[in-house]
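K.L.:
Let me begin by handing over the structure; questions about it come next.
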Amino acid sequence: QAVAGIKKACEAFDIPVISGNVSLYNEAPGGAIYPTPVIGALGLLDDVRKHASAGFVGDGDVVYLLGVTSLDGDASTLAGSEYLDVFIGKVEGQPVLDLDLEVKTQQACRDGIVAGVVRSAH
C-alpha cells in the first residue's frame, strides 16, 4: 500500500522516482523498527538564484501556513505520526492527504519562491 501511495503521489505531481527502497523488516539494537520506504527524487531549477532553504533566512521573516488551516475534522488528526507514538503511546491510523490540494499548495509555494516572497519552506 505504501508503494501504491507513493506511485499515486508521483503521478499527481508528475515527478519520476529515480531510486527507492522499501524495507519491510528492519532491526535496530533496540528492536524492530517500522517499515520504511525511502525515496530518492531529483528536481531541476530554471534559475538557481530562485530557490528556498529549509531554515529561517533572516530576522523579521514571517511564517505562513499553506494548505489546510482548519483544525476541524480530519485535518487535525495525528494518525500515523511519531508524535502520537512518543507522547500519547499509540501507533495507529494513517495521515489524511488530499493530493489535489497538496499539488495546489506546493505550486503556490513554488510560485512564491520564484516571485522572491518565499525565502524558506519546510
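Numbering (this note's numbering) for the sequence shown: 6 to 127. For every residue, glycine included, the Cβ atom is placed at its ideal position computed from N, Cα and C.
(1) For GLU97 and SER86, what's the separation of their Cα atoms in angstroms?
(2) Which same chain residues, not among the five before or five after THR82, have their C-beta less than 8 Å away from its C-beta?
(3) Under DSSP, the alpha helix (DSSP H) around ILE11 begins and ends at which residues?
(4) Which residues does DSSP list as the beta-bridge partners of VAL119?
(5) Look at the Cβ atom of LEU57, then the Cβ atom of VAL123, and state whether they are nearer than 8 Å.
P.N.:
In terms of the structure at hand:
(1) 8 Å
(2) GLY98, PRO100, VAL101
(3) 7-18
(4) DSSP lists no partner for VAL119.
(5) Sequence inspection shows Ala at residue 57; the Leu mentioned does not correspond to that position. Against a cut-off of 8 Å, the Cβ pair of VAL123 and ALA57 comes out as a contact.
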